[in-house]
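Peer 1: The structure is given below, and queries will be raised subsequently.
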Amino acid sequence: DTGVSQDPRHKITKRGQNVTFRCDPISEHNRLYWYRQTLGQGPEFLTYFQNEAQLEKSRLLSDRFSAERPKGSFSTLEIQRTEQGDSAMYLCASSAGTQNSPLHFGNGTRLTVT
Amino acid sequence: GESVGLHLPTLSVQEGDNSIINCAYSNSASDYFIWYKQESGKGPQFIIDIRSNMDKRQGQRVTVLLNKTVKHLSLQIAATQPGDSAVYFCAENPKEYGNKLVFGAGTILRVKS
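Which chain is which? The protein sequence lines are A and B, in order.
Using this note's numbering, the first residue of the first sequence is number 705, and each one after it goes up by one.
Using this note's numbering, the first residue of the second sequence is number 1352, and each one after it goes up by one.
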């Protein structure tokens, strides 16, 4: 499978714990995006990378959230001191980076904070 | 602003009929639009895209229509099949937002056999 891969698929954690998710984009794609989706809503933009550079962060991304893409390939999203409001599906997408190229999404990581 | 909805409209169609899913986008500066299909437990799957210099684009069994005057986008699915049942999202790329997509609220498509 050469699509976007995310790990884990599901994560249940207790409030206050830290969690980290991983995303492996399509190999030739240089742009990588993180989105968050809650039930009944469309995905909301969190942040994106061009190669290893993080170029934009949404105001939704509080200081408890950090994303990295150290070598311009896979990316990690860490949430520190999780809160119940962090419960959501975290989606990763990648694109070729040319003007108006579509985003291709992974199947997400479902986070439940108890 | 960004388009985020709380309630998903539902479209129910009979298998074999054509489906039309509508989307009102928010930003007149958007120059690129995409339709995604999302099945339960999966991420959004790319269906078809269209640039603002076009008003119609066809794919396999799908057609996207763009009306920039009224900021309206539609997805037509021909001969709808049970496998088409999913939530459908339109997404826009406003120029001033850089390279990110802004998603609409989504429409549930239910195909009756």
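Backbone N, C-alpha and C fix where the C-beta goes; we use that ideal spot for every residue, glycine too.
1. Nearest chain B C-beta to Gly789 (chain A) closer than 8 Å, yes or no?
2. On the three-pair Cβ rule with 8 Å, is the segment 1360-1367 of chain B touching the segment 1416-1427 of chain B?
3. Look at the alpha carbon of Lys1446 (chain B) and the alpha carbon of Phe1384 (chain B), and state the distance between them as a whole number of angstroms.
4. Tell me which residue opens and which closes the beta strand (DSSP E) that Asp1400 (chain B) is part of.
5. Secondary structure at Glu1353 (chain B), three-state DSSP: helix, strand or coil?
6. Assuming the contact rule is C-beta atoms closer than 8 Å, Gln754 (chain A) and Ala1456 (chain B) should be a hit. Round their C-beta distance to whole Å, please.
7. Under the three-state reduction of DSSP, which class applies to Gln784 (chain A): helix, strand or coil?
8. In three-state DSSP terms, what is Lys761 (chain A)?
9. Between the Cα of Thr818 (chain A) and those of A:Leu807, A:Ala797, A:Ser791, A:Asn811, spot the shortest distance and give me the residue it belongs to.
10. With Val1413 (chain B) and Ile1399 (chain B) assumed to form a contact (beta carbons below 8 Å), what rounded beta-carbon distance in angstroms separates them?
11. Please list, in chain order, the chain A residues whose beta carbon lies closer than 7 Å to that of Lys1393 (chain B).
12. Assign Asp728 (chain A) to one of three DSSP states: helix, strand, or coil.
13. Asn804 (chain A) touches chain B at which residues, Cβ-Cβ below 8 Å?
14. Run through the segment 1353-1386 of chain B for me and flag every whole beta strand (DSSP E) of 3 or more residues, listed as ranges in chain order.
15. Hey, Gln784 (chain A) and Asn722 (chain A) are a contact pair by Cβ (cut 8 Å); roughly how many whole angstroms apart?
16. Reducing DSSP to helix, strand and coil, say where Asp711 (chain A) ends up.
17. Just checking: is the beta-carbon of Ala1456 (chain B) within a distance shorter than 8 Å of some beta-carbon in chain A?
18. Verify whether the separation of the beta carbon atoms of Arg1408 (chain B) and Asp1382 (chain B) is less than 8 Å.
Peer 2: On the basis of the coordinates in this document:
1. no
2. no
3. A straight-line Cα-Cα distance of about 11 Å links Lys1446 (chain B) and Phe1384 (chain B).
4. 1396-1402
5. Bear in mind that a pLDDT of 39 at Glu1353 (chain B), under 50, signals an unreliable position, so the number given afterwards is only what the model happens to contain. Glu1353 (chain B): coil per DSSP, three-state reduction.
6. Between Ala1456 (chain B) and Gln754 (chain A) the Cβ distance is about 29 Å, and since that is not below 8 Å, they are no contact.
7. coil
8. strand
9. A:Ser791
10. 5 Å
11. Asn811
12. When secondary structure is reduced to three states using DSSP, Asp728 (chain A) falls in the strand class.
13. Close partners of Asn804 (chain A) in chain B (Cβ separation under 8 Å): Asp1382, Tyr1383, Asp1400, Arg1402, Asn1444.
14. 1361-1365, 1370-1375
15. 5 Å
16. strand
17. yes
18. no
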